[in-house]
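Just below is one structure, and these are the notes that go with it.
In full-length UniProt numbering, the protein residues as written are 1 to 119.
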């Protein structure tokens, strides 16, 4: 082996070992950095937790006539919905059945009386 061949072989071997060492070192540093970041985040959440979401408080806003009209409309709709939700629909049905039954009796009695009285 000549001087040039030995020199180039040594240079290639040394460069390869150096490159692989640097790559392994960079990879290890990246893993350590990620582990430290996770640990730091975990510790920070223990002693200084981020505040949970708090909805904004209701703001009092003085509006014009349009806002007053909207508020009244929304209040009326809200009262109507609460009325519908609070209704005992079984009682309403029974009342309607009773009313229709009585109306039918009155109509059927009047027809019979009118037909008999007209002859």
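All C-beta atoms, glycine included, are put in the ideal place defined by N, C-alpha and C. All of these numbers come straight from a predicted model, not from anything done at the bench.
Residue i (DSSP reduced to helix, strand or coil)
| i | result |
| --- | --- |
| residue 87 | coil |
| residue 10 | helix |
| residue 76 | helix |
| residue 102 | helix |
| residue 50 | coil |
| residue 95 | helix |
| residue 66 | helix |
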